[in-house]
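If you read the sequence shown in the working numbering, its first letter stands for residue 1, the second for the next number, and so on.
In what follows, a single structure is set out as structure tokens and then discussed.
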Amino acid sequence: MEIISVCLPLFNGGKFLQDALRSLENQTYDDFTLYISDDGSIDDSFKICEDFQKTISFDLKLYKNSGLGIAGNCNFLANKAKGKYLKFLFQ
């Protein structure tokens, strides 16, 4: 089980998403799992996450939702997270 769960609630964040993902990829600490929940984006956000998942060495759990809103999407991720510590990252 990871020590840290990084939760990224997502909605139409394609413009800034790659910078956020790259910041995680460049971390020197590696005992974390990234949890991403896309809440029905109509841009390329989910595709960016799928492509990113293919290139990384750490765990990424990717979910698709629709209509949860920011609070609901955050709560969804918090419930999925397994780490001792929870960190939210917003695009």
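The C-beta atom is built at its ideal place from N, Cα and C for all residues, glycine as well.
Just reading off the alpha helix (DSSP H) that residue i is part of, what are its end residues?
{"i": "L68", "result": "Taken as a continuous stretch (DSSP letters only), L68 belongs to no alpha helix (DSSP H), as it is neither H nor E."}
{"i": "I48", "result": "45-53"}
Looking at residue i: is its Cβ nearer than 8 Å to the Cβ of residue j?
{"i": "N79", "j": "D38", "result": "no"}
{"i": "D32", "j": "I4", "result": "Residue 32 is actually Phe in this sequence, not Asp. Yes; because the gap between Cβ atoms is below 8 Å, this pair is in contact."}
{"i": "I48", "j": "Q18", "result": "yes"}
{"i": "L10", "j": "L24", "result": "no"}
Quick check on DSSP: helix, strand or coil for residue i?
{"i": "L77", "result": "helix"}
{"i": "F16", "result": "helix"}
{"i": "L60", "result": "strand"}
{"i": "S37", "result": "strand"}
Along the chain, where does the beta strand (DSSP E) that runs through residue i open and close?
{"i": "Y29", "result": "Element bounds for Y29: n/a, residue is neither H nor E."}
{"i": "K84", "result": "Run containing K84: none; DSSP gives neither H nor E here."}
{"i": "I4", "result": "4-10"}
Within a Cβ cutoff of 7 Å, which residues of the same chain sit near residue i, ignoring the five residues on either side of it in sequence?
{"i": "L86", "result": "S5, C7, A78"}
With a threshold of 8 Å between beta-carbons, can residue i be considered close to chain C, or not?
{"i": "S37", "result": "Looking at the structure shown, chain C is missing, and only one protein chain is on hand."}
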